[in-house]
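According to our numbering, the sequence shown is numbered sequentially starting from 10.
Taking it in order: structure first as structure tokens, then the write-up.
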Amino acid sequence: MRKLLTIYSLFTILYSVAVLPALAVTFANPIKYGTIPQVIDAIVNFLMIVSIPLLAGAIIYGALIMITSAGDPKKFQNGYNTMIFAVIGFIIILLAKGIVMAIQNFFR
10 MRKLLTIYSL FTILYSVAVL PALAVTFANP IKYGTIPQVI DAIVNFLMIV SIPLLAGAII
70 YGALIMITSA GDPKKFQNGY NTMIFAVIGF IIILLAKGIV MAIQNFFR
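Following this line, the structure appears as structure tokens:
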């Protein structure tokens, strides 16, 4: 029993000393933004860049649905709704950018 306790104590001491060099390691921040508002601003800017081509594509798609409806009011309405929802989504993204800017200016 005494031999087992000695071996256990020896391993405990060795492993506790082996951990000490690991505490000296510092990690660089992989994110290039330092604060949460900067991260949110970067996300909103990314959404702005991506949403403009998507808006154009959705409007063209809705217009094509309206053109190819061949007089069917249901298909025409579907194309119209596609265009309206695309514009509403873009307005929401614009409002998000405005809200982020307003909050940042409020806390400065």
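All C-beta atoms in this analysis are idealised placements derived from N, C-alpha and C, irrespective of residue type, glycine included.
The structure displayed is predicted, hence computed values, not measured ones.
Residues MET92, ALA95 of the same chain have their beta carbon placed closer than 7 Å to that of ILE68, with the five preceding and five following residues left out of the count. The three-state secondary structure of ARG117, taken from DSSP, is coil.
Taking TYR70 as the centre and dropping the five residues before and after it, the same chain places the C-beta of THR91 closer than 7 Å to its C-beta, in chain order. Nearest Cα to ILE97 within the set ALA51, ILE61, ASN38, THR21: ILE61.
CA-CA distance, GLY88 to PHE115, rounds to 41 Å.
The closest CA to that of GLY66, considering only LEU19, VAL53, PHE99, is found on PHE99. Taking the CA atoms as reference points, LEU56 sits about 11 Å from ILE49.
Counting only the Cα atoms, ILE101 lies some 35 Å from ALA37.
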